[in-house]
Structures are given as structure tokens and as C-alpha cells.
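Engineer: Using this note's numbering, the letters of the sequence shown map in sequence onto residues 4 to 428.
Even for Gly, the Cβ is constructed at its ideal location relative to N, Cα and C.
Quick caveat: nothing in here was measured; it's all calculated off a predicted structure.
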Amino acid sequence: MGVFYLRENETLSPEDVIDHLRKDSNFRPTFEDEDCARPEEAALVRRCWATDPLDRPDFAHVKNSYRRFMKQSDTKGGNLVDNLLSRMEQYANNLESLVEERTADYLEQKQKAEDLLYMMLPKSIAEQLVKGLSVKAEWFDEVTIYFSDICGFTALSAASSPMEVVALLNDLYTTFDHILEELDVYKVETIGDAYMVVSGLPNKNGINHAREIARMSLKLLEAVKTFTIRHKPDEQLKLRIGMHSGPVCAGVVGLKMPRYCLFGDTVNTASRMESNGEALKIHVSPSTKLLLDKFGTFELKLRGDVEMKGKGKVTTYWLLGERPEVEVTANMEKLKSSHKSLAFRSSSNCVSTIPEEGISDLEPTFTKRNTENSANIASVPQHNNNKPKHTTFKDDAVEFRNDAAYTPLLNGYAESNGDSLCSKV
4 MGVFYLRENE TLSPEDVIDH LRKDSNFRPT FEDEDCARPE EAALVRRCWA TDPLDRPDFA
64 HVKNSYRRFM KQSDTKGGNL VDNLLSRMEQ YANNLESLVE ERTADYLEQK QKAEDLLYMM
124 LPKSIAEQLV KGLSVKAEWF DEVTIYFSDI CGFTALSAAS SPMEVVALLN DLYTTFDHIL
184 EELDVYKVET IGDAYMVVSG LPNKNGINHA REIARMSLKL LEAVKTFTIR HKPDEQLKLR
244 IGMHSGPVCA GVVGLKMPRY CLFGDTVNTA SRMESNGEAL KIHVSPSTKL LLDKFGTFEL
304 KLRGDVEMKG KGKVTTYWLL GERPEVEVTA NMEKLKSSHK SLAFRSSSNC VSTIPEEGIS
364 DLEPTFTKRN TENSANIASV PQHNNNKPKH TTFKDDAVEF RNDAAYTPLL NGYAESNGDS
424 LCSKV
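1. Apply the 10 Å Cβ neighbour rule to Tyr198 and answer buried if 16 or more other Cβ atoms are within range, or exposed otherwise.
2. Give the list of continuous alpha helix (DSSP H) stretches no shorter than 4 residues that lie fully inside the segment 186-226.
3. Under a three-way DSSP split, which group does Arg25 fall into?
4. Residues in the same chain with beta-carbon distance under 7 Å from Glu104, minus the five sequence neighbours each way, listed in chain order, please.
5. Suppose you measure from the CA of Leu293 to the CA of Asp144; what does that come to, to the nearest Å?
6. With DSSP as the reference, identify every bridge partner of Val287, one or two as the case may be.
7. Among the residues of its own chain, which have a CB less than 6 Å from the CB of Trp142, if the five just before and after it don't count?
8. How would you write the range of the alpha helix (DSSP H) that Lys126 sits in, first residue to last?
9. Are Ser248 and Ala213 close, meaning C-beta to C-beta below 7 Å?
10. Can you name the start and end residues of the alpha helix (DSSP H) that Glu167 belongs to?
11. What is the DSSP secondary structure of Glu145, reduced to helix, strand or coil?
12. Using DSSP's beta-bridge definition, name the partner residues of Leu310.
13. Could you give the distance in angstroms between the alpha-carbon of Arg434 and the alpha-carbon of Met311?
14. If contact is defined by three or more beta carbon pairs under 8 Å, each pair taking one atom from either stretch, is the segment 180-199 in contact with the segment 147-155?
15. Does the segment 308-325 touch the segment 217-228, meaning 3 or more C-beta pairs lie closer than 8 Å?
16. Counting beta carbon pairs with one atom in the segment 283-291 and one in the segment 201-209, are three or more of them shorter than 8 Å?
17. Just to confirm my understanding: we take Ile285, look at its own chain, exclude 5 residues before and 5 after, and list those with CB closer than 6 Å. What are they?
18. Looking at the structure shown, is Cys39 part of a helix, part of a strand, or coil, going by DSSP?
19. According to DSSP, is Arg262 helix, strand or coil?
20. For Thr54 versus Ser16, is the C-beta distance shorter than 7 Å?
21. Under 8 Å Cβ to Cβ from Leu240, same chain only, skipping five residues before and after it: list those, please.
22. In this structure, does DSSP put Val138 in helix, strand or coil?
23. Identify whether Ala253 lies in helix, strand or coil by the three-state DSSP scheme.
24. Put Asp55 into one of helix, strand or coil per three-state DSSP.
25. Considering only the beta carbon of each residue, do Phe30 and His23 sit closer than 7 Å?
26. Can you say whether Ser89 is buried or exposed, counting buried as having 16 or more other CB atoms within 10 angstroms of its CB?
27. What is the DSSP secondary structure of Lys115, counted as helix, strand or coil?
28. Work out the CA separation of Glu44 and Asp61 for me, nearest whole Å.
29. Alpha carbons only, please: which of Val168, Val146, Phe301, Ile182 is nearest the one belonging to Thr272?
30. What does DSSP give as the partner residues of Ile153 in its beta bridges?
31. If you compare alpha carbons, which of Lys235, Arg49, Met246, Leu132 is closest to Ser164?
32. Closest to Thr193 by CA distance: which of Glu111, Arg262, Leu119, Asp296 is it?
33. Once DSSP output is grouped into helix, strand and coil, what is the label at Phe301?
34. Using the rule of at least 16 other Cβ atoms within 10 Å of the residue's Cβ for burial, across every protein chain shown, is Met123 buried or exposed?
Structure follows, in C-alpha cells:
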């Protein structure tokens, strides 16, 4: 008959019983009051089958109830029932603790597997794969890609054993990985001595991707300068870095050992920036330079035109460093708080001057914009050994330039304290 006795249909399989319970939570074995010696026992059995778990008695209540039943009867055998109930209670408690222990082990192993997956793929992408979802390729309008390799790595490898090469790369890239944890970047892959990093995907961050990669490049370059090769401590590693900004397509490729790969001309251009760079320098493309200029904190130097495969001549730059934002803000505040007026020649043929008092430490320079009107001249004194120097411009639109900020003044004049000086030419 089995434990789940059904008088009407005794051939019901355990699978069928489970299906019935799923459809009807009130489905129970056939049970009559006469099946028990007393009605109280039948009522207790039915309470144990209650649909709501909160209505079911615990083992302590069942045990006490059966002890009461045994006392009410003159029959012997109470010890047998007590022993049976005690064993059932002990089994239930052991089973519960065993389930908790196994569940904790499962969750621990699951977390380790997820952590390993997050090291191989971006977290948002890995979570989709864990849920069994397919990851579709995505287009990103603008990201910044970093490439680097070690100059002279082939010769260094030839002079080292395979174990020494592996130890070198592991030490170097472990150092790099620690730096990457501080920034909003994602390491795409390492192939030999090549190191590829991207910012701006899969989580978009506006134009901050250029700043993140630039800061990372500066930190990696500083780390390489102090890095020591274990088997050749007297040699200096020479890292060559290139970076470029542009659109890419990204997606997961493969089922076994899946990789999050980037595709597009931006990847090729970033690689060209690295291969056409120089040791211990950061090679920057024009598109990345335009983004870095918007932050106003990065120091870049024009390299000039560089012939690149498939690109022709490209004007590139070197990234030299980054000024602290506090310093930049201080320079701007000095400019704004200058107690003398900053006035510029208006379009009505007047000359404006900048008093040297109060702004001599700013060393302003001016950029020529237009040479159509050669009759008008703007005269700007410069503080140098108490002797004013003048810079001459032939322009209807003059731009005041400082290391920290640009102030364009078009077809008019600007004043800070209302004390502008203007005279006819």
C-alpha cells in the first residue's frame, strides 16, 4: 500500500502523488476516525496534515500528546512510543542541521565560482550568463582603449628561462591589476607581454573613460619605473603605451572559455598608437587628446605627424602628466579675484590693457585668431623685473589663455571690477 494510502486508487505512483499535491494542496491519504484507537489520535493526525505549516504541532506537542494518551490507557508499551517519537525528533533535528551545513557549503562554492567568472568577464555580463540569458553584442559610441607592451621583451625572453619569464609577467601584471582596481576600467586580455584595457564599457561613464585610462596609464608608467625583475634586478623594464578613443562593438564570443571581445577600427588604431610609440612614453591619439582637454588637468605635448599603417599621417601627442585639480581651481580663482580689471579692445577700435599688478604670477599668453583687421592693436603688459613687455595682436577676437583655463572674448571687452581702460588707436 505504501505510506500514502489511497483506498480508491491504490496504484497511484509517487510521481502522481506529487503532481496531485502540486495541483491541490489539500490532497491527503485516506484516513478515517476508526483507523485510530481513540478520536483524539485521529484529530492529532489531521492536525499534522494541516495545509498551513503554522497549524501543525511540533514534535514536543506530539510527544506530550501521546504520553497523555498512554497514561489514559491501561496498556503497556508507552516506552516504545516514547522511544519512537524521540528517534523521529532526533532524526528531524539532525536532518535540519545537515541541510543547513550542505546549503552553506553550496553557497560558498557558488560564490567562489561566481568570483572566478567575474575575473574573466564584466560583472554585468557574467550575471546574465549565470541566469542562463544570452548576451547580445552591444554598440558603444565612444570608449577609450589602452594598449601596452614591453620593449625588448623578445631579447629578454631569449636570455631567460621559461619559468623566469612566467614569473616576470605574473609579477608585472599582478602589480598592474592592483592599480586597475582603483579605477573605472576593465582589463580585456593579456597576450604575452601585451596588455589591453578599456574604459566606458560595459557600463557607460560619459567622457570619463578618457580620464580613467589616462590616469591609469600614468600610474602604470610610474609602477614600471620602480618595478624590479627578480632574475635581472639591474635591468629596467621599458613599457610602451598607446591610447585611442572611438566607437566599438563588444560581445561574448565562444561557449568554452568565453571571452568578452571588442571589435572595430578603434581597437586597431589603439594598437597602432602603441606600436608607433616610444619606450616609457604614453602615446595619445587626436580624439583622446580632445577629450582630455575638456578636463583641463592633463599636460600633453605635441609629437607631430606620425605615419601609421592604414591611417596615413596622424598628428599625435605625448601625455606628460596631470596637474592636481586643486591647483587648477586655485589658478582660476586667482584669475577671477584679480582686483584690477581685465579689459580687451572692442570692435570699435579701442585698445585695452591688463594691469600687471595682481596677475603677474599668471603669465598670460594670447592666441592670434584673425588677421583681417591689421589696424587694431591690443597691448598687454607682462610683469618681468618691473619692466612691462607688450604683446601685439591684429585681431577682432582675442583669447586670454592660462594653463588652467581659456577665456574667449569675442568682439567686445570684459571687465572684472568695472575699471576698464579703453582708448582709441
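Structural biologist: Based on what the coordinates show:
1. buried
2. none
3. helix
4. none
5. 16 Å
6. Met246, Tyr320
7. Cys252
8. 126-133
9. yes
10. 165-183
11. strand
12. Here residue 310 turns out to be Glu, not Leu, going by the sequence shown. Answer by DSSP bridge pairing, in chain order: Lys316.
13. Residue 434 lies beyond the range of the chain shown here (4 to 428); nothing can be said about it.
14. yes
15. yes
16. no
17. Ser220, Ile244, Leu322
18. coil
19. strand
20. no
21. Ile153, Leu175, Val227, Phe230, Ile232
22. coil
23. strand
24. coil
25. yes
26. exposed
27. helix
28. 15 Å
29. Val146
30. Leu242
31. Lys235
32. Arg262
33. strand
34. exposed
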